[in-house]
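What follows is a short report on a single structure.
There are 2 protein chains.
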Amino acid sequence: MEIKEIGEFGLIDRIKRNIKPSNSSTVMGIGDDAAVIHYTDKETLVSSQLFMEGVQFDLTYIDMEHLAYKVAMITMSNIFAMNGHPRQLTVSLGLGKRFKVEDIDRFYAGLNKACAKWEVDIVGGDITSSYTGLAINITCIGEAGKDDIVYRKGANETDLVCVTGDLGAAYMGLQILEREKTVYYQQVEEYNNKVKEAQSRKDTKRFEALHRERSAIDDFQPDFAGKEYIIDRQLKPEARGDIINRLREAGIRPTSMTDISDGLASELKQICGMSHCGCRIYEKNIPIDYQTAATCEEFNMNLTTAALNGGEDYELLFTVPIGDHEKIENMEGIRQIGYITKESLGAYLITRDGNEFELKAQGWPANKN
Amino acid sequence: MEIKEIGEFGLIDRIKRNIKPSNSSTVMGIGDDAAVIHYTDKETLVSSQLFMEGVQFDLTYIDMEHLAYKVAMITMSNIFAMNGHPRQLTVSLGLGKRFKVEDIDRFYAGLNKACAKWEVDIVGGDITSSYTGLAINITCIGEAGKDDIVYRKGANETDLVCVTGDLGAAYMGLQILEREKTVYYQQVEEYNNKVKEAQSRKDTKRFEALHRERSAIDDFQPDFAGKEYIIDRQLKPEARGDIINRLREAGIRPTSMTDISDGLASELKQICGMSHCGCRIYEKNIPIDYQTAATCEEFNMNLTTAALNGGEDYELLFTVPIGDHEKIENMEGIRQIGYITKESLGAYLITRDGNEFELKAQGWPANKN
Chain Z
1 MEIKEIGEFG LIDRIKRNIK PSNSSTVMGI GDDAAVIHYT DKETLVSSQL
51 FMEGVQFDLT YIDMEHLAYK VAMITMSNIF AMNGHPRQLT VSLGLGKRFK
101 VEDIDRFYAG LNKACAKWEV DIVGGDITSS YTGLAINITC IGEAGKDDIV
151 YRKGANETDL VCVTGDLGAA YMGLQILERE KTVYYQQVEE YNNKVKEAQS
201 RKDTKRFEAL HRERSAIDDF QPDFAGKEYI IDRQLKPEAR GDIINRLREA
251 GIRPTSMTDI SDGLASELKQ ICGMSHCGCR IYEKNIPIDY QTAATCEEFN
301 MNLTTAALNG GEDYELLFTV PIGDHEKIEN MEGIRQIGYI TKESLGAYLI
351 TRDGNEFELK AQGWPANKN
Chain X
1 MEIKEIGEFG LIDRIKRNIK PSNSSTVMGI GDDAAVIHYT DKETLVSSQL
51 FMEGVQFDLT YIDMEHLAYK VAMITMSNIF AMNGHPRQLT VSLGLGKRFK
101 VEDIDRFYAG LNKACAKWEV DIVGGDITSS YTGLAINITC IGEAGKDDIV
151 YRKGANETDL VCVTGDLGAA YMGLQILERE KTVYYQQVEE YNNKVKEAQS
201 RKDTKRFEAL HRERSAIDDF QPDFAGKEYI IDRQLKPEAR GDIINRLREA
251 GIRPTSMTDI SDGLASELKQ ICGMSHCGCR IYEKNIPIDY QTAATCEEFN
301 MNLTTAALNG GEDYELLFTV PIGDHEKIEN MEGIRQIGYI TKESLGAYLI
351 TRDGNEFELK AQGWPANKN
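Protein chains in written order, with UniProt numbering: chain Z, 1 to 369; chain X, 1 to 369.
Spelled out as structure tokens, the structure:
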């Protein structure tokens, strides 16, 4: 269904129907000039992110539902990274003409799934047309007790550096997706060339044979066998609220924390820079999944570079006092990868063979366009 | 200077240098995963708006500084419309390749000007590239006492309907801007045709004469004489925080309120719909500036239609109990334009000659693309 058939107000009504605020802190959701939120004796956390088609996402890889889930998770991840809890979202959409009402339905289905996972309410936003692609802005609002908030700036000398989950998988998943896209477009190009040739030779029989070939291209199935995990890490990241809850239960309060969106190296530089300290990170301790390693080999890429600079992991990077060493040791899914040093000692990676390399914040290539 | 010369981090540092939070409620601004805000015993208000190049704005009319001022004011206006006070902003920018560092400087100069006016802090946001035009998302966060918040839904039968300032001016300002743009492009087209003709005739003298004409086109000055006010209303809207303060001083608490972004008719329909009531609005009472009226005549447009459906006024529309009639009467810049009725009586305009017309929410044409 075309959006103009139901109009802007009709579209908003349709979206509103499936949104039911569940948080006691949501006083007023969609429907007025602003949302109204009430947190009792808590600080308000706010994080806003913009996602542009062709830059942050490619709709040939990801469908509207996964895309929505991903952008919501990415923004919630920022609130968890402050040791807070996300509670509300606002969603702004700039829609190119090719989008239909059903696309918006799927987008909100994905948003609702992500929000249900962490009991977050969609409380507002904006819908407008766009002359080009899709633009999405998500603002996530959350709460945290004043003394619970963890900034990037709190790391101290001798603190342990920890990461959750494993790194580099989302980046290698993207390599697979890009490869399969290239394979598909090559097939399409080859086919088109054959058709042109047959046309110029007026070869009817060849033409008919090509027609049968065409449907094989239409049925193109990308080859993801054995890559399911890393594809999932690229298309369906999860904000690590579970870790935030488990750290609290274990009585651990990180001294500094951030989520890994631009790659481990870049985030370590942020924490060191803001905490005025250095660090030593052990290459052998960086957690990497088997599929990530196998795919790196296949692509002849350096595994540590993928983990350090790949980005889009949305795992948590944090520091804890050295006294918490044993507690952390016993927690599944958290790896101690190094320690914090004096600022003058710089931020270095210690490789498996004992060499030291200075960490460089390469950032996420998508931001470099 | 090209943005890639200083990179994403360099650009953020440059922006941060000119941003100094001044609100006691801003605990942490730009620089971490999320901003931290502390309001004491207040509700948090959040409003988010997306502005897409070619849809909400046209950079041939408006420069980066005015654009930033405008989008900030529009978003703050939503917080005032809840009878609250804006305190923080987050700003997301999607930048096409043609934008330079100096454009961003000018944009932030405009933002800082708007923020300084209402003591609002820029506390975060996002910068990314865009494959096409400029995309801007502003989220404004504000505060209000629980009992001070005014929703759209609170209007009651016999309440007076009031508007601030005057209406239709921004819309007529846009007509002037569009006319001058057309005049300019016509001159360019005529010139190009003459050049082509001279080229085909190999007429060197004519060519030289045309060259002198060219600089006249480059120096094209749009004709805004006598239209300064309405141009200003289009390019530099002001959020009516002054009215919010004056109503409070006068001891008036509106029963319902919204800001006029989509035109008076559309906003009245919103208030009536959410308050389950009707209204009677007197055409003769709708405040209209002389320049708006004169321009409507020039364009042969209906003045009341411009005021009802033009949009982008960002004035406040509110209702007060009939008992406040005298207090309102004495307040400069506020006009009583009608009253609230039972829902079954519908929403009608009473024209100067005594006819009744049902109000229709036409909305802002820019949203209809």
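Don't be surprised by glycine CBs; every beta carbon is placed ideally from N, CA and C.
A quick note: this is a predicted structure, and the numbers were derived from the prediction, not measured.
Exercise for the section: Would you be able to state if there are at least three C-beta pairs under 8 Å between the stretch 122 to 139 of chain X and the stretch 42 to 51 of chain X? Expected result: yes
Practice task
Within 10 angstroms of the Cβ of residue 265 (chain Z), are there 16 or more other Cβ atoms? Answer buried if so, exposed if not.
Solution key: Residue mapping note: residue 265 (chain Z) aligns to position 265 of the first sequence, counting from 1. By the 10 Å Cβ count, residue 265 (chain Z) comes out buried.
Practice task
Determine whether the Cβ of residue 244 (chain X) lies closer than 8 Å to any Cβ atom of chain Z.
Solution key: In the second sequence, residue 244 (chain X) corresponds to position 244, counting from 1. Not one chain Z Cβ lies under 8 Å of residue 244 (chain X).
Handout entry: Bridge partners - residue 193 (chain Z), DSSP secondary structure assignment
Key = Translated into the one-based positions of the first sequence, residue 193 (chain Z) becomes position 193. None, per the DSSP bridge assignment.
Problem - Residue of X:108, X:34, X:95 minimising C-alpha distance to residue 75 (chain Z) - result: Numbered from 1 along the first sequence, position 75 holds the residue referred to as residue 75 (chain Z). Closest by alpha carbon: X:34.
Exercise for the section: Answer yes or no: does any C-beta atom of chain Z fall closer than 8 Å to that of residue 359 (chain X)? Expected result: As a first step, residue 359 (chain X) must be located in the second sequence, where it is residue number 359. Cβ-Cβ to chain Z under 8 Å: no for residue 359 (chain X).
Practice task
Using three-state DSSP, classify residue 204 (chain Z) as helix, strand or coil.
Solution key: Residue 204 (chain Z) sits at position 204 when you count from the first residue of the first sequence. Residue state, collapsed to three classes: helix.
Handout entry: Cβ-based burial, residue 185 (chain Z) [other Cβ within 10 Å; buried from 16]
Key = Locating residue 185 (chain Z) in the first sequence gives position 185, counting from the first residue. The residue is exposed, with fewer than 16 neighbouring Cβ atoms inside 10 Å.
Exercise for the section: Leaving out five residues on either side along the sequence, give the residues of the same chain with a beta carbon under 7 Å from the beta carbon of residue 365 (chain Z). Expected result: Along the first sequence, read from residue 1 onward, the residue named residue 365 (chain Z) stands at position 365. Below a pLDDT of 50, predicted positions are generally treated as unreliable, and residue 365 (chain Z), at 35, falls in that range; the measurement from the model is reported next regardless. There are no such residues.
Handout entry: Outcome for residue 128 (chain X) when other beta-carbon atoms lying within 10 angstroms are tallied against a minimum of 16
Key = The residue you call residue 128 (chain X) lines up with position 128 of the second sequence. The residue in question, residue 128 (chain X), is buried, as its Cβ has 16 or more Cβ neighbours within 10 Å.
Handout entry: Any chain Z beta carbon closer than 8 Å to residue 365 (chain X)
Key = Residue mapping note: residue 365 (chain X) aligns to position 365 of the second sequence, counting from 1. Any answer about residue 365 (chain X) is weak, because its pLDDT of 35 lies below 50 and its placement is not dependable; what the coordinates show is given next. No, its Cβ sits nowhere closer than 8 Å to a Cβ of chain Z.
Problem - Within 8 Å, strictly: CB atoms of residue 220 (chain Z) and residue 187 (chain Z) - result: In the first sequence, counting from the first residue as 1, residue 220 (chain Z) sits at position 220. In the first sequence, counting from the first residue as 1, residue 187 (chain Z) sits at position 187. Against a cut-off of 8 Å, the Cβ pair of residue 187 (chain Z) and residue 220 (chain Z) comes out as a contact.
Practice task
Report the three-state DSSP secondary structure of residue 37 (chain Z) (helix, strand or coil).
Solution key: As a working mapping, residue 37 (chain Z) is identified with position 37 in the first sequence. It is a strand residue.
Handout entry: Same chain only: Cβ atoms within 8 Å of residue 152 (chain X), ignoring 5 sequence neighbours per side
Key = Position 152 of the second sequence, counted from the start, is the residue given in the question as residue 152 (chain X). 256, 257, 258, 270, 271, 274, 275.
Exercise for the section: Note the first and the last residue of the continuous alpha helix (DSSP H) segment covering residue 305 (chain X). Expected result: The residue you call residue 305 (chain X) lines up with position 305 of the second sequence. Segment 303 to 309, the alpha helix (DSSP H) holding residue 305 (chain X).
Practice task
Please classify residue 336 (chain X): does DSSP put it in a helix, a strand, or coil?
Solution key: Here residue 336 (chain X) corresponds to residue number 336 of the second sequence, with the count starting at 1. In the structure shown, residue 336 (chain X) sits in a strand (DSSP, three-state: E or B).
Practice task
Name, in chain order, the residues that DSSP records as bridge partners for residue 255 (chain X).
Solution key: Start at 1 with the first residue of the second sequence, and residue 255 (chain X) comes out as number 255. Looking at the DSSP assignment, residue 255 (chain X) forms no beta bridge with any residue, so it has no partner.
Problem - Residues, ordered as in the chain, of the stretch 79 to 106 of chain Z that lie near chain X by beta-carbon distance below 9 Å - result: 79, 80, 81, 82, 84, 88, 90, 91, 92, 93, 94, 97
Exercise for the section: Per DSSP, which residues does residue 376 (chain Z) bridge with? Please list them. Expected result: Because residue 376 (chain Z) is not part of the residues shown, which for chain Z are 1 to 369, the question remains open.
Practice task
List the endpoints of the continuous beta strand (DSSP E) containing residue 280 (chain Z).
Solution key: Start at 1 with the first residue of the first sequence, and residue 280 (chain Z) comes out as number 280. Run containing residue 280 (chain Z): 277 to 282, per the beta strand (DSSP E) assignment.
Exercise for the section: Determine which residues share a DSSP beta bridge with residue 187 (chain Z) and list them. Expected result: Within the first sequence, numbered from 1, the residue matching residue 187 (chain Z) stands at position 187. Beta-bridge pairing links residue 187 (chain Z) to no other residue.
Problem - Proximal chain X residues relative to residue 130 (chain Z), where beta-carbon distance stays under 7 Å - result: What you label residue 130 (chain Z) is simply residue 130 of the first sequence in a count that begins at 1. The answer, in chain order, is 52, 55.
Problem - Entirely enclosed alpha helix (DSSP H) segments - the stretch 97 to 142 of chain Z, minimum 4 residues - result: 101 to 117
Problem - Beta-carbon spacing of residue 83 (chain Z), residue 254 (chain Z) below 8 Å - result: By one-based count along the first sequence, residue 83 (chain Z) stands at place 83. By one-based count along the first sequence, residue 254 (chain Z) stands at place 254. Contact flag set, yes.
Handout entry: chain X contact for residue 151 (chain Z) (CB, 8 Å cutoff)
Key = Locating residue 151 (chain Z) in the first sequence gives position 151, where the first residue counts as 1. Yes, residue 151 (chain Z) counts as interfacial toward chain X.
Problem - Rounded Cβ spacing between residue 340 (chain Z) and residue 277 (chain Z) (contact assumed at less than 8 Å) - result: Position 340 of the first sequence, counted from the start, is the residue given in the question as residue 340 (chain Z). Position 277 of the first sequence, counted from the start, is the residue given in the question as residue 277 (chain Z). 5 Å between Cβ atoms; contact.
Handout entry: Contact set for residue 247 (chain Z): own chain, Cβ-Cβ below 6 Å, skip 5 residues either direction
Key = What you label residue 247 (chain Z) is simply residue 247 of the first sequence in a count that begins at 1. Contacts found: none.
Handout entry: Interface residues of chain X facing residue 24 (chain Z) [CB-CB closer than 7 Å]
Key = By 1-based counting over the first sequence, the position of residue 24 (chain Z) is 24. Neighbours of residue 24 (chain Z) on chain X: none; closest Cβ ~13 Å, over 7 Å.
Handout entry: Contacts of residue 141 (chain Z) in chain X (Cβ-Cβ under 7 Å)
Key = Sequence index remark: in the first sequence, residue 141 (chain Z) carries index 141 (1-based). Chain X residues near residue 141 (chain Z): 46.
Practice task
Take residue 118 (chain X) as the anchor and find which of X:9, X:28, X:23 has the nearest alpha-carbon.
Solution key: The sequence position of residue 118 (chain X) within the second sequence is 118, counting from 1. The shortest C-alpha separation from residue 118 (chain X) is found at X:23.
Exercise for the section: Indicate whether at least one CB of chain Z lies closer than 8 Å to the CB of residue 62 (chain X). Expected result: On the second sequence, residue 62 (chain X) is found 62 positions in, with the first residue counted as 1. It does not; no Cβ of chain Z falls within 8 Å.
Handout entry: Nonlocal neighbours in the same chain, by C-beta distance under 8 Å from residue 37 (chain Z), ignoring five residues either side
Key = Locating residue 37 (chain Z) in the first sequence gives position 37, where the first residue counts as 1. Counting only Cβ-Cβ distances below 8 Å, and skipping sequence neighbours, we find 25, 26, 27, 44, 87, 88, 123, 141.
Handout entry: Under 8 Å between C-beta atoms of residue 320 (chain X) and residue 162 (chain X)
Key = Position 320 of the second sequence, counting from 1, holds the residue named residue 320 (chain X). Position 162 of the second sequence, counting from 1, holds the residue named residue 162 (chain X). A contact, by the Cβ cut-off of 8 Å.
Exercise for the section: Please state whether DSSP places residue 24 (chain X) in a helix, a strand or coil. Expected result: Counted from its first residue, the second sequence places residue 24 (chain X) at position 24. Note: residue 24 (chain X) maps to coil in three-state DSSP.
Exercise for the section: Just the chain Z side, please: which residues come within less than 9 Å of residue 241 (chain X) by C-beta, in chain order? Expected result: The residue you call residue 241 (chain X) lines up with position 241 of the second sequence. Neighbours of residue 241 (chain X) on chain Z: none; closest Cβ ~14 Å, over 9 Å.
Handout entry: Straight-line Cα distance separating residue 180 (chain X) from residue 189 (chain X)
Key = Reading the second sequence from its first residue, position 189 is the one you call residue 189 (chain X). Reading the second sequence from its first residue, position 180 is the one you call residue 180 (chain X). If you take the alpha carbons of residue 189 (chain X) and residue 180 (chain X), they lie about 14 Å apart.
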